[in-house]
Amino acid sequence: MPAPTGVVRFRAYRQYEALRVEASNALMGLLAGAQLSNHLLQLNRGSDRLLPEVYPNVPHIKRFNLTAEAASDILGEADVHLGAMSIAYALALHEDYMKTCLLMAADAGLLSRRRARDARSAGQHEALQLAAGAQLHPVPLEQLTVLRRMRNAVIHDGGRIDDGLVTTIDGLSPEAISAWTKVTGTDPTSLRAGQKLRLGHGEMLLALAVTKNVDRGCNGLLQVGMSRNEWTRVAVDDALEEHPGSLRAGTALRKCHGVARHLYGPLNLSRTEIAAELDRRGPL
């Protein structure tokens, strides 16, 4: 794929990025909170008093009606549970973003709306690559396929590793295995069918990093596949939504060109192209 010079921050991409950052901060906050709580509970370890007695003013503490020692043991495993949840969370956001990308490609005439709407999660990237006539980097896609199978194992098989997951891992390239191990600290090829998945902080980081990498790659696919006229239309729509009174005020060209330069910079949309799109729409 021709390397784009940057990321085009169209409206849906900005919204997705905000959600991704919010999810990342929430997951890291929950992990840090569990560790901080675990550290605090060490002060009461060995006591027979239950947490609602020790911390009666903490909201919902009655639902955690345990001794400090029992609660500490649970919190010590928090990263395992957050690791499993984070993969599902990150992939759900990513798959929704992919639907948006496919619908944008459909609006640009690169594929049918039915194909865009009906693409299953496992086929979304292939559909967008075919529509754009370009390819994503294979390594993060390999890793994403494994993460998806891990998510499915957690949701559908109680976290049990099946032969399909092992086969997918066996198909990873050396580069994908090396990058996976570097981030998570574990070698995925050591997993065996029938074992219980133990996902943790490393897999959480990997899921967030891989989806971000693929998301930006798909942004590049849209840059390659969509025409300049289509991008100009998207940029003008975006600008007019940001500045709804600009047409009446006679500042639409200036506002739209400013948005195009600031958010759509890699496309280098010219003032002339923006003016032509506004003229095509006719008077207010």
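Using numbering that gives the first Met the number 0, the first residue of the sequence shown is number 0, and each one after it goes up by one.
The beta-carbon is built from N, C-alpha and C at its ideal position, and this holds for glycine as well.
task = Starting from the Cα of L205, find the closest Cα among A83, L277 and G193 and give me that residue.
result = As a first step, residue 205 must be located in the sequence shown, where it is residue number 206. The candidate whose alpha carbon is nearest that of L205 is A83.
query = According to DSSP, is R159 helix, strand or coil?
reply = Locating residue 159 in the sequence shown gives position 160, where the first residue counts as 1. Correct three-state label for R159: strand.
inquiry  = Suppose you measure from the CA of S23 to the CA of G281; what does that come to, to the nearest Å?
reply    = Position 24 of the sequence shown, counted from the first residue, corresponds to residue 23. Position 282 of the sequence shown, counted from the first residue, corresponds to residue 281. So the alpha carbons of these two residues sit roughly 43 Å apart.
key: Buried or exposed by the 16-neighbour rule on C-beta atoms within 10 Å, applied to A251   = By one-based count along the sequence shown, residue 251 stands at place 252. Buried, since its Cβ has 16 or more Cβ neighbours within 10 Å.
query = How is L246 classed by DSSP in three states: helix, strand or coil?
reply = Residue 246 sits at position 247 when you count from the first residue of the sequence shown. Looking at L246 - three-state DSSP - the assignment turns out to be helix.
request  = State the CB to CB distance for the pair N37 and L74, rounded to an integer number of angstroms; the pair is presumed to be in contact (CB under 8 Å).
outcome  = Stepping through the sequence shown from its first residue, residue 37 is reached at position 38. Stepping through the sequence shown from its first residue, residue 74 is reached at position 75. Between L74 and N37 the Cβ distance is about 4 Å, and since that is below 8 Å, they are a contact.
key: Among K195, A33, V258 and Q222, the one whose alpha carbon lies nearest that of A238   = Along the sequence shown, read from residue 1 onward, the residue named residue 238 stands at position 239. Checking every option, the nearest Cα to that of A238 belongs to V258.
task = To the nearest angstrom, report how far apart C255 and R8 are at their CA atoms.
result = For the purposes of this step, residue 255 is taken as residue 256 along the sequence shown, with counting starting at 1. For the purposes of this step, residue 8 is taken as residue 9 along the sequence shown, with counting starting at 1. Their Cα atoms are separated by approximately 14 Å.
request  = Spatial neighbours of S172 within its chain, please: CB distance less than 8 Å, with the 5 preceding and 5 following residues excluded, ordered by chain position.
outcome  = Position 173 of the sequence shown, counted from the start, is the residue given in the question as residue 172. P137, V138 and E141.
inquiry  = Helix, strand or coil for L92? Go by DSSP, reduced to three states.
reply    = Residue mapping note: residue 92 aligns to position 93 of the sequence shown, counting from 1. DSSP places L92 in helix when its eight states are reduced to three.
The region 194-208 touching the region 82-100, judged by at least three CB pairs closer than 8 Å = A contact exists between the region 194-208 and the region 82-100.
query = Are the region 218-225 and the region 125-132 touching by the rule of at least three beta carbon pairs closer than 8 Å?
reply = Because the criterion of three Cβ pairs below 8 Å is met, the region 218-225 and the region 125-132 touch.
request  = Give the single residue among L164, L143 and M149 whose Cα lies nearest to the Cα of A178.
outcome  = For this step, residue 178 is matched to residue 179 along the sequence shown. Closest option to A178, Cα to Cα, is L143.
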